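**Student:** Throughout the sequence shown, residue numbering follows UniProt numbering, covering 1 to 118 in sequence.
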Amino acid sequence: MTSLQTTNPNPPPIDGIFRALADPTRRRVVERLNRSPASVSELAQPFEMALPSFIEHLKVLEVCGLVRSEKTGRVRTYQLAPEPLKLAENWLAEQRTLWERRLDQFDAYVMTLKEQEK
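#1: Any idea what DSSP makes of E70, helix, strand or coil?
#2: Along the chain, where does the alpha helix (DSSP H) that runs through Q95 open and close?
#3: Opposite R76 in the DSSP bridges: which residues?
#4: Quick one: give me the first and last residue of the alpha helix (DSSP H) that F18 is part of.
#5: For residue 136, report the span of its alpha helix (DSSP H) as first-last.
#6: Compute the Euclidean distance between the alpha carbons of I14 and A88, then round it to the nearest angstrom.
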């Protein structure tokens, strides 16, 4: 196994966040929770899947910290936890800044080449 193939036994939290958001069902749940907290049955209603399968999606979101749940009586209510989303947003902003800087440098290099052709 090469060093590129090894897996980190303790991946950074951002890996779990992006893994969770890679699934369209989980992204829709996050979008729904942006409006307000909701019970499991409210969240599951628009999806055509068995409740145990849907609950697995909620568990993935909860394990990575994107949602929190609270049980009152027999009703479990989920709400969005914004901190992990901020972590992902910051990471994406850093990547965007890096690539914008690289593209600016490339643009300057191309302009220099064009000037040298004259």
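Just so you know, even glycine gets a beta-carbon here, dropped at the ideal spot from N, CA and C. Source: prediction; values computed, not measured.
**Tutor:** Based on what the coordinates show:
#1: Of the three classes helix, strand and coil, the one that applies to E70 here is strand, per DSSP.
#2: Per DSSP, Q95 belongs to the alpha helix (DSSP H) from P82 to E117.
#3: Looking at the DSSP output, R76 shares a beta bridge with K71.
#4: Counting along the chain, the alpha helix (DSSP H) containing F18 begins and ends at P13 to L21.
#5: An answer regarding residue 136 cannot be provided, because it is not within the stretch 1 to 118 covered by the chain.
#6: Across the structure, I14 and A88 are spaced so that their CA atoms are roughly 6 Å apart.
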